[in-house]
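Protein chains: 2
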Amino acid sequence: LSRGYDSATAAEEAFYRAFRELDIAGMREVWVDSSNAYCIHPSGQLYRGQQSILASWSNMFQVAEKPHLQYSLINQSQGAGLAVHLVVERIGPADPAQTGALVYATNVFLLTGPSWRLLGHHAVQARSVPASQKPKPKLH
Amino acid sequence: LSRGYDSATAAEEAFYRAFRELDIAGMREVWVDSSNAYCIHPSGQLYRGQQSILASWSNMFQVAEKPHLQYSLINQSQGAGLAVHLVVERIGPADPAQTGALVYATNVFLLTGPSWRLLGHHAVQARSVPASQKPKPKLH
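Those protein sequences? They're chains A and B, same order as listed. In terms of the working numbering, the numbers along the first sequence are unbroken and rise by one, the last being 173. In terms of the working numbering, the numbers along the second sequence are unbroken and rise by one, the last being 173.
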């Protein structure tokens, strides 16, 4: 009995809630039930299809503690029935004295029937841009 | 004087042609001219906005030899005016005796006016999935 999500943003919230709670049932609900679903973890491993993706999260959840996880939207694009969000995730242990990880993720959402669901999640460990390559501030 | 691209697939071909040829003008033509454009290189560095993205490719092209580069589509999704392609890139030196790199890339295309252009490129070095996590073949 799926609640469904009325926007890509709502589906994204549900995805990160399931991630934070190590909730595999919540994870199952948010993914598109399709062999086209794909997930690339920061390790660079690709999983295709809902079953394979859920197995990868389940394996991770079995050895993980609930992470302290925040995310913020960097960029979004929306077409009819398809949405792409670029987010930065801050993942760390509950102890704020320890340094966490910064991850960039491209999240792709598909409108399937009445509900938005996650079709693709592509995550990569973020690295900062060398100062020499940062765009110079404009002088006007 | 931009030719434009009549499909996401055509824009993707142009992107990889420019990459192969170390052709910064071709690169400029294929990207959306917007501060919303984004590019994450396999290093994990994020560049936002067409200018910053082109600078990152230009820096790379100045020290690179033309790569032997092939790509194939793993997955695609299309909404009105927005398309997402997941591809695997095989990047290597011309010498086939040397091992190249496998990269997964999520390419996001936007229809801007009459032309499809590249809005986002998110690349990550691929790693193979451990055999123990591969889905078992079905027996029926």
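Glycine is no exception: its CB is placed at the ideal position from the N, C-alpha and C atoms.
Identify whether residue i lies in helix, strand or coil by the three-state DSSP scheme.
i              : result
residue 65(A)  : coil
residue 54(B)  : helix
residue 125(A) : strand
residue 49(B)  : helix
residue 132(B) : coil
residue 116(B) : strand
residue 82(A)  : coil
residue 153(A) : strand
residue 110(B) : strand
residue 97(A)  : coil
residue 70(A)  : coil
residue 89(B)  : helix
residue 138(A) : strand
residue 147(B) : coil
Pull up the distance between the alpha-carbon of residue i and that of residue j, whole angstroms please.
i              : j              : result
residue 108(B) : residue 75(A)  : 19 Å
residue 137(A) : residue 156(B) : 11 Å
residue 206(A) : residue 143(A) : The question about residue 206(A) has no answer here: the residues shown for chain A are numbered 34 through 173.
residue 56(A)  : residue 159(A) : 25 Å
residue 93(A)  : residue 87(A)  : 10 Å
residue 37(A)  : residue 100(B) : 45 Å
residue 140(A) : residue 44(B)  : 21 Å
residue 68(A)  : residue 95(A)  : 24 Å
residue 104(A) : residue 122(A) : 4 Å
residue 41(A)  : residue 132(B) : 40 Å
residue 60(A)  : residue 111(B) : 24 Å
residue 115(A) : residue 115(B) : 7 Å
residue 51(B)  : residue 39(A)  : 39 Å
residue 83(B)  : residue 84(A)  : 37 Å
What does residue i touch in chain A if you count any residue whose Cβ is under 9 Å from its own?
i              : result
residue 148(B) : Simply none; closest approach about 15 Å.
Output, in chain order, the set of chain A residues within a Cβ distance shorter than 8 Å of residue i.
i              : result
residue 155(B) : 119, 137, 139, 155 and 157
Give the interface partners of residue i over in chain B, defined as CB-CB distance under 7 Å, in chain order.
i              : result
residue 40(A)  : Ordered by position in chain B, no residue passes the 7 Å Cβ test against residue 40(A), which lies about 14 Å from the chain.
residue 143(A) : 110
Is it true that the CB of residue j sits closer than 8 Å to the CB of residue i?
i              : j              : result
residue 106(B) : residue 120(B) : yes
residue 102(B) : residue 124(B) : yes
residue 47(A)  : residue 63(A)  : yes
What residues of chain B sit near residue i, judged by a beta carbon separation below 8 Å?
i              : result
residue 111(A) : 112 and 115
Within the same chain, show all residues whose beta-carbon is closer than 7 Å to that of residue i, passing over the 5 residues directly before and after it, in chain order.
i              : result
residue 113(A) : none
residue 166(B) : At residue 166(B), the pLDDT of 48 sits below 50, so the modelled position is not reliable; the number obtained from the coordinates is stated separately. Nothing listed; no residue qualifies.
residue 145(A) : 65
residue 147(A) : 37
residue 49(A)  : 102 and 104
residue 97(B)  : 55
residue 53(A)  : 99, 100 and 102
Run down chain A in chain order and give the residues with a C-beta less than 7 Å from the C-beta of residue i.
i              : result
residue 73(B)  : 137 and 157
residue 152(B) : 110
For residue i, which residues in the same chain have their Cβ closer than 6 Å to its Cβ, ignoring the five residues on either side in sequence?
i              : result
residue 78(A)  : none
residue 71(A)  : 81 and 153
residue 89(A)  : 80
residue 134(B) : 124
residue 91(B)  : 57
residue 73(A)  : 79 and 155
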